[in-house]
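Chains as they are written, first to last, in this note's numbering: chain B, 2 to 271; chain C, 505 to 754; chain X, 66 to 147.
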């Protein structure tokens, strides 16, 4: 089995379908693990899925076999069947008009195996339904966090975790004040896109917000002064936006192309 | 970091290739899958049992009817879930939406072509649905083609234009009706004295033999599947293209 | 023999399109290439005798799922970082 060339012959010549199914499956698996964009992950998932369907369909292939639809001589409504039935009918009037006959085991080899086809047919349709569901979740993530890149998402999730693990007072305020959608959280978008790495980016963000705090916090309520970290929570409100515009001019400009021009880009492509 | 993912990928690949070595010969008619009594039974007896020439349709809707029914339910649930996730979550239609309407005048050539093509597509969808017994096709394919015709309308004009013809509540009602047709045929055969989805018992309602009762019940079931799939495909597109706002669209 | 050559050709092209769909950074291009992949898969299944599966894949995989992907990507950022 493992002699020179034998395994190559085994895999690449005689069973190329099986080999390619493994390759496609690995491509899909690698994409699901390593790609950072969620849409890319979904494309990888679909490739994985079709690879498995390819495997099932490859199983059902028989040499010298046709598609799993009855040929004319076996067709229950075909001319041959009808002629046989009429012949049968003339000799024995008690029988029904059509009398399709059961295939013999030698004739079974003439048709491809229909069972894997049936299993995979429904799998494809359910696959597109689940793909649509996953895309809907992607849209929702985009609305909530402004990105579908996994590394940026992780930064934002960590930040929102930090936001909620503050003092009880801050927690109560954040639960009351928290906007339903933080998609227009411009500071967060800009910072994470400038620092894609997760842990150093997080540290840097904390530092930069602390540094920018004195200029912004004075314009706001006194609770912000009690909790230095609670500045993080504020940018959703409009007063904070005005404050940050003054204090962080370079950040703001770096944000704008990412956040605000995208609708126009979309319009252009439309 | 990225290279770590190659470790599980290549270990899985090595295992799968190791197993692929033991697979039966390519296209071997005596492989275990092809020799199994189940598939041989399907090939030998479909013509006798149901008089359907296309074995795949017969196995899909009759022998494995329970499976197909719940696959249809899965599609329906996916449609409802997309609706539930995206409903009311879209951004407010501000300036972008208005300017879009001014800009996007539907192209004359495209709309004329679509106007000509859509009836043909829908006719073909019905053909695929009804002719699934004797040729490749059936409820899933016909339903998807039908839904694609509505998607084509939405692409050529805009989403509102398609939603006038197929509003989302109507979509969902049609999808539910499809499942009700499917389950109704199942329960009907139950009330006729058989088991759930045992179509042969419908011979008492239809003036045909037991085999032809199964033949027609398969057609009814496929129609139910087609209803559900068609409307869910369009609902998926309508929701995803407009982020649940159901306005403007692409 | 001709059919086998076609089989090998499609299989190799499948790998190429799968890699290309995951390689490009423009997501719309990725969706289009994924449509090509689905259609090649459909051809392969038709060649292997699974006509029903091929028909379903032609309508669902190459048709609706590509359209749905493109429709979603229009509402997202078009560029991907990897």
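Cβ coordinates follow ideal geometry from the N, Cα and C atoms, glycine included.
The structure displayed is predicted, hence computed values, not measured ones.
- With respect to chain B, the C-beta atom of residue 651/C has no partner C-beta closer than 8 Å.
- Neighbourhood of residue 157/B in chain X, by CB distance below 9 Å: empty, with the nearest CB roughly 15 Å away.
- Sixteen is the threshold: since fewer than 16 other Cβ atoms of the shown chains lie within 10 Å of the Cβ of residue 613/C, the residue is exposed.
- Spanning the alpha carbons of residue 166/B and residue 660/C requires a straight line of approximately 50 Å.
- Contact annotation: in the region 129-146 of chain X, residues whose CB is within less than 7 Å of a CB in chain C are 129, 132, 133, 136, 137, 139 and 140.
- When the alpha-carbon of residue 102/B is set against those of 78/B, 115/B and 118/B, the nearest one is in 78/B.
- Of 74/B, 44/B and 34/B, the smallest CA-CA separation from residue 94/X is found for 44/B.
- By the C-beta criterion, the region 735-750 of chain C is judged to be in contact with the region 665-682 of chain C, since at least 3 inter-stretch pairs fall below 8 Å.
- Taking 8 Å as the cut-off, the Cβ atoms of residue 131/B and residue 572/C do not count as close.
- The DSSP-derived three-state label of residue 699/C is coil.
- A check of alpha carbon separations from residue 54/B across 68/B, 149/B, 65/B and 116/B identifies 116/B as the nearest.
- Listed along chain C, the residues sitting closer than 7 Å to residue 116/X by beta-carbon distance are 640.
- Residues of chain X with a Cβ closer than 8 Å to the Cβ of residue 747/C are, in chain order, 140.
- Closest option to residue 17/B, judged by alpha-carbon separation, among 87/X, 73/X and 83/X: 73/X.
- Taken in chain order, the unbroken stretches of alpha helix (DSSP H) that lie wholly in the region 559-589 of chain C and span 4 residues or more are 559-562.
- Pairing residue 58/B with residue 644/C gives a Cβ-Cβ distance that is not under 8 Å.
- Beta bridge pairing from DSSP links residue 70/B with 558/C.
- Interface residue (Cβ-Cβ distance to chain C less than 8 Å): residue 81/X is not classified as such.
- A distance below 8 Å between beta-carbons, with the five flanking residues on each side excluded, links residue 623/C to no residue of its chain.
- Between residue 86/X and residue 104/X, the CB-CB gap reaches or exceeds 8 Å.
- Contact of residue 45/B with chain X by beta-carbon distance below 8 Å involves 87.
- Bridge partners of residue 108/B according to DSSP: none are assigned.
- Taking 8 Å as the threshold, the shortest C-beta distance from residue 99/X to chain B falls below it.
- Interface annotation for the region 718-736 of chain C against chain B: 733 and 736, criterion Cβ-Cβ distance under 8 Å.
- Here residue 740/C is near residue 133/B, since their CB atoms are less than 8 Å apart.
- Judged by their CB atoms, residue 648/C and residue 641/C are not nearer to each other than the 8 Å cut-off.
- Contact annotation: the region 550-561 of chain C does not touch the region 650-669 of chain C, with fewer than three C-beta pairs closer than 8 Å.
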